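*Asks:* Per the numbering used here: the sequence shown = residues 90 to 703. All C-beta atoms in this analysis are idealised placements derived from N, C-alpha and C, irrespective of residue type, glycine included. Nothing here was measured: the structure is a model prediction, and the numbers come from that model.
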Amino acid sequence: METGQLEELGQQLRVDAVRAADAAGSGHPTSSMSAADLGGVLLAHHLRYDFERPGHPGNDRLVFSKGHASPLLYALYRAAGVIDEAELLTFRQDGSPLEGHPTPRLPWVDVATGSLGQGLPVGVGMALAGKRLDRLPYRVWVLCGDSEMAEGSVWEGAAQAAYERLDNLTLIVDVNRLGQRGPTREGWDLGAYARKLGAFGWHTIEVDGHDVAAIDTAFQEAAATTDRPTAVIARTHKGRGVAEVEDQEGFHGKPLPHPERAVEELGGTRSVRIEVAKPSGTPPTTAPAGTTPDRTGPVAAPRYRAGDEVATRDAFGAALAALGSERDDVVALDGEVGDSTRADAFGKAHPDRYFEMYIAEQQLIATAVGMRARGYLPFATTFAAFLTRAHDFIRMAAVSGTGIQLCGSHAGVSIGQDGPSQMGLEDLAMMRAVHGSTVLYPCDANQTARLVPHMAGLPGIGYLRTSRGASPVLYGPDEDFPVGGSRVLRSGDADQVTVIGAGVTVHEALRAADLLAAEGIAVRVIDLYSVKPVDSGTLRQAADATGCLMTVEDHHPEGGIGDAVAEAFADGRPAPRLIRLAVRNMPASATPAEQLHHSGIDAASIAAGVRSLI
Numbered sequence: 090m091e092t093g094q095l096e097e098l099g100q101q102l103r104v105d106a107v108r109a110a111d112a113a114g115s116g117h118p119t120s121s122m123s124a125a126d127l128g129g130v131l132l133a134h135h136l137r138y139d140f141e142r143p144g145h146p147g148n149d150r151l152v153f154s155k156g157h158a159s160p161l162l163y164a165l166y167r168a169a170g171v172i173d174e175a176e177l178l179t180f181r182q183d184g185s186p187l188e189g190h191p192t193p194r195l196p197w198v199d200v201a202t203g204s205l206g207q208g209l210p211v212g213v214g215m216a217l218a219g220k221r222l223d224r225l226p227y228r229v230w231v232l233c234g235d236s237e238m239a240e241g242s243v244w245e246g247a248a249q250a251a252y253e254r255l256d257n258l259t260l261i262v263d264v265n266r267l268g269q270r271g272p273t274r275e276g277w278d279l280g281a282y283a284r285k286l287g288a289f290g291w292h293t294i295e296v297d298g299h300d301v302a303a304i305d306t307a308f309q310e311a312a313a314t315t316d317r318p319t320a321v322i323a324r325t326h327k328g329r330g331v332a333e334v335e336d337q338e339g340f341h342g343k344p345l346p347h348p349e350r351a352v353e354e355l356g357g358t359r360s361v362r363i364e365v366a367k368p369s370g371t372p373p374t375t376a377p378a379g380t381t382p383d384r385t386g387p388v389a390a391p392r393y394r395a396g397d398e399v400a401t402r403d404a405f406g407a408a409l410a411a412l413g414s415e416r417d418d419v420v421a422l423d424g425e426v427g428d429s430t431r432a433d434a435f436g437k438a439h440p441d442r443y444f445e446m447y448i449a450e451q452q453l454i455a456t457a458v459g460m461r462a463r464g465y466l467p468f469a470t471t472f473a474a475f476l477t478r479a480h481d482f483i484r485m486a487a488v489s490g491t492g493i494q495l496c497g498s499h500a501g502v503s504i505g506q507d508g509p510s511q512m513g514l515e516d517l518a519m520m521r522a523v524h525g526s527t528v529l530y531p532c533d534a535n536q537t538a539r540l541v542p543h544m545a546g547l548p549g550i551g552y553l554r555t556s557r558g559a560s561p562v563l564y565g566p567d568e569d570f571p572v573g574g575s576r577v578l579r580s581g582d583a584d585q586v587t588v589i590g591a592g593v594t595v596h597e598a599l600r601a602a603d604l605l606a607a608e609g610i611a612v613r614v615i616d617l618y619s620v621k622p623v624d625s626g627t628l629r630q631a632a633d634a635t636g637c638l639m640t641v642e643d644h645h646p647e648g649g650i651g652d653a654v655a656e657a658f659a660d661g662r663p664a665p666r667l668i669r670l671a672v673r674n675m676p677a678s679a680t681p682a683e684q685l686h687h688s689g690i691d692a693a694s695i696a697a698g699v700r701s702l703i
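See the structure below:
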């Protein structure tokens, strides 16, 4: 397209953003108008995308990190001819796929956006997949706003992208000077952004974001830059083209006050159509991922003997490596603790599919999300405590419907002397609250080894909680542990109380049962390895048989195993007496055994609690 045609396209995109927000009675037209020329030039000259085949592996990826500018994205779709004017005007209406912030309900949207600061880190994951897994020449384009450049996750992504030399990644920064409540930190100082990104190792281009010829040249330069990512830093005006709102405060997140007059000022409605260039070549019949043979050969699934002392984290690492031999779409991501989580076993067996994210937990999860969007099955691992830093990314992954698998190791007070900063005591609550999640907490090595392959088939986000210390192997290597199940380890007609544990507390519950049996007190013991979904049927049977349930968890009382058990009786059934033993103190350094005792969740504490009940 010629310069004049590109300018006309930019005006059309602005008009459509104004009209969509007006039809909805809400939205962010001014934030869309500032980036309209950037989006128009990208669509017309640089994006390579087959809209009829959004799954084409050679398609470029476009991530709207400033997801509130969704009217611009939908206006681009109209210009590309994949939605019509009538659908555009259903923006934000009930049942419309054109949501206030984009989600994968639309086939051309890879990930949900709108929580600012996430687009670049997710784009890094996509670009990494392109360079090291797909080995295809598609580009990843990320449009972000200047306000979100204050987010720490942006700089985690910037550091990782530069370290990985992701020259297939272009960040477009829409510097329109105004945030939600007023001016941004840097205003129109493009050099401030360029200096920061340049210090990380990025190639930077400063440009007038309304000069379509300059934008075109900048995008060409980005595509030609090798060995490092490029940031196109564009000076724009919020509300561009409408004098009443252009570069004016107070109009963020609102329809224009006089939309018909604004459309007239922008030159009226248009119907420019863009024939978007398709990726060259045809899709391969099989994905390039995993075609490089493993250097160490296949890894056998681990098997452990009853009575052996094995940490569940050790079994996780071995099982993940074995799963990687069975499935070449499995990738593992580490937060620089792979020698502790044992994810490094996967790295040794499958080095081409192992990714080190360093101490950057937001980038860890974002990379997993980006790789999942490209068709891979990521397992991301770090200490359970540190996953809390990435909760917003996990939450947004659920909004995207993204099936990533997470493992949190070193959970609970049972890690011992490292102290409370390293103890995951909130992770079960966090992960149970995530929409569509599955939460698993194995107590022995064989159980762990069997649950890892089950995670690969989960439809949503899966979480496996593992322990640092060794524990006795209770189960045989051929036993199965379906998601949503549990195991009754002690039971009899004379049971007076049911003790329910998971992970380390299963072993404490068994020891307590032995102590009590010597005193003539019979208790039922349940291993609740599936914390979500919970085995309501077994719990209800135990309640009917014993009348009293005692939960024991290496976790704070809020949101963990006790709450999971209570929910099994939330449908109006008569609830049994429910006693909860949990970590209610603030731990300090001590041995694992001392920690369990101080928190009142060891065998002696369980036995004492049962005695007091009967």
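Looking only at its chain, what residues have a beta carbon closer than 7 Å to the beta carbon of residue 358, apart from the 5 residues adjacent to it on each side?
*Replies:* 104, 352.
*Asks:* Return the chain-ordered list of same chain residues with a C-beta closer than 7 Å to the C-beta of residue 132, the five sequence neighbours on each side being excluded.
*Replies:* Closer than 7 Å at the Cβ level, and outside the excluded window around residue 132, lie 165, 168, 169, 363, 365.
*Asks:* Compute the beta-carbon to beta-carbon distance between residue 443 and residue 425, rounded to the nearest angstrom, for a pair I have assumed lies under 8 Å.
*Replies:* Contact doesn't hold; Cβ gap of about 13 Å is too wide.
*Asks:* In the structure shown, what three-state DSSP assignment does residue 569 receive?
*Replies:* Coil, per DSSP.
*Asks:* How far does the beta strand (DSSP E) with residue 295 in it extend, from its first residue to its last?
*Replies:* Its beta strand (DSSP E) spans residues 292-297.
*Asks:* Going by DSSP in three states, residue 269 sits in which element: helix, strand or coil?
*Replies:* If DSSP states are grouped into helix, strand and coil, residue 269 belongs with coil.
*Asks:* In this structure, how does DSSP classify residue 561 when only helix, strand and coil are distinguished?
*Replies:* Residue state, collapsed to three classes: strand.
*Asks:* Whole beta strand (DSSP E) runs in the segment 545-633 with 3 or more residues, listed along the chain?
*Replies:* For the segment 545-633, whole beta strand (DSSP E) runs of length 3 or above, ordered along the chain, are 551-554, 559-561, 576-579, 586-590, 612-616, 619-621.
*Asks:* Would DSSP call residue 429 helix, strand or coil?
*Replies:* It is helical.
*Asks:* Does the beta-carbon distance from residue 470 to residue 423 come in below 7 Å?
*Replies:* Contact: yes.
*Asks:* CA-CA distance, residue 153 and residue 533?
*Replies:* Looking at the two C-alpha atoms, the distance is approximately 43 Å.
*Asks:* What distance in whole Å lies between the Cβ atoms of residue 535 and residue 562, which are believed to be in contact at a cut-off of 8 Å?
*Replies:* Rounded, the Cβ-Cβ distance is 6 Å, consistent with contact.
*Asks:* With DSSP as the reference, please indicate the residues paired to residue 467 in a beta bridge.
*Replies:* DSSP output for residue 467 lists 420 as bridge partner(s).
*Asks:* By the 10 Å Cβ neighbour count, where 16 or more other Cβ atoms means buried, how is residue 378 classified, buried or exposed?
*Replies:* Low local confidence applies: a pLDDT of 49 at residue 378 is under 50, so the model's placement there is unreliable, and no value is given.
*Asks:* Shortest alpha-carbon distance to residue 702 belongs to which of 119, 682, 636, 678?
*Replies:* Considering only alpha carbons, the answer is 636.
*Asks:* Going by the CB atoms, is the gap between residue 670 and residue 690 shorter than 7 Å?
*Replies:* Yes, Cβ-Cβ distance for residue 690 and residue 670 is below 7 Å.
*Asks:* Hey, out of 203, 625, 222, whose CA is closest to residue 419's CA?
*Replies:* Of the listed residues, the one whose Cα sits closest to residue 419 is 222.
*Asks:* Ignore the nearest five residues each way along the sequence and tell me which others in residue 512's own chain have a CB closer than 7 Å to its CB.
*Replies:* 474, 501, 502, 504, 676, listed in sequence order.
*Asks:* Measure the C-alpha to C-alpha separation of residue 664 and residue 439 and round it to an integer number of angstroms.
*Replies:* Those two C-alpha atoms are separated by around 49 Å.
*Asks:* I need the straight-line Cα distance from residue 360 to residue 119, nearest angstrom please.
*Replies:* Between residue 360 and residue 119, the C-alpha separation is close to 21 Å.
*Asks:* What residue range is occupied by the uninterrupted alpha helix (DSSP H) comprising residue 445?
*Replies:* No alpha helix (DSSP H) holds residue 445; the beta strand (DSSP E) holding it covers 443-445.
*Asks:* For the candidate residues 699, 545, 530, whose alpha-carbon lies nearest to that of residue 606?
*Replies:* Considering only alpha carbons, the answer is 699.
*Asks:* So, helix, strand or coil for residue 494, using DSSP?
*Replies:* Note: residue 494 maps to strand in three-state DSSP.
*Asks:* Within a Cβ cutoff of 8 Å, which residues of the same chain sit near residue 687, ignoring the five residues on either side of it in sequence?
*Replies:* Once the five neighbours on either side are set aside, the close Cβ partners of residue 687 are 502, 674, 676, 679.
*Asks:* Where residue 642 and residue 508 are concerned, what is the direct C-alpha to C-alpha distance, given to the nearest angstrom?
*Replies:* In a straight line, the C-alpha of residue 642 is about 18 Å away from that of residue 508.
*Asks:* Is it right to say residue 141 is buried, meaning 16 or more other beta carbons lie within 10 angstroms of its own, or is it exposed?
*Replies:* Exposed is the call here.
*Asks:* Any idea which residues DSSP pairs residue 233 with across the strands?
*Replies:* Its beta-bridge partners are 262.
*Asks:* To the nearest angstrom, how far is it from the Cα of residue 115 to the Cα of residue 181?
*Replies:* Going by the C-alpha atoms only, they are around 8 Å apart.
*Asks:* Run through DSSP, which three-state label would residue 699 get?
*Replies:* Of the three classes helix, strand and coil, the one that applies to residue 699 here is helix, per DSSP.
*Asks:* Between the alpha carbons of residue 381 and residue 435, how many angstroms are there, rounded?
*Replies:* Note that residue 381 scores a pLDDT of 44, beneath 50, so its modelled location is shaky and nothing firm can be said.
*Asks:* How is residue 472 classed by DSSP in three states: helix, strand or coil?
*Replies:* Note: residue 472 maps to strand in three-state DSSP.
*Asks:* Note the first and the last residue of the continuous beta strand (DSSP E) segment covering residue 679.
*Replies:* Where residue 679 is concerned, there is no enclosing beta strand (DSSP E), given that its DSSP letter is neither H nor E.
*Asks:* So, helix, strand or coil for residue 656, using DSSP?
*Replies:* In this structure, residue 656 counts as helix in the three-state DSSP scheme.
*Asks:* Are the segment 317-335 and the segment 256-273 touching, with three or more C-beta to C-beta distances below 8 Å?
*Replies:* Yes, they touch.
*Asks:* In the DSSP output, which residue or residues are listed as bridge partners for residue 650?
*Replies:* BP columns for residue 650 are empty, so no partner.
*Asks:* Within the segment 99-147, note down every full alpha helix (DSSP H) run reaching 4 residues or more, in order along the chain.
*Replies:* Qualifying alpha helix (DSSP H) stretches, in chain order: 118-123, 125-130.
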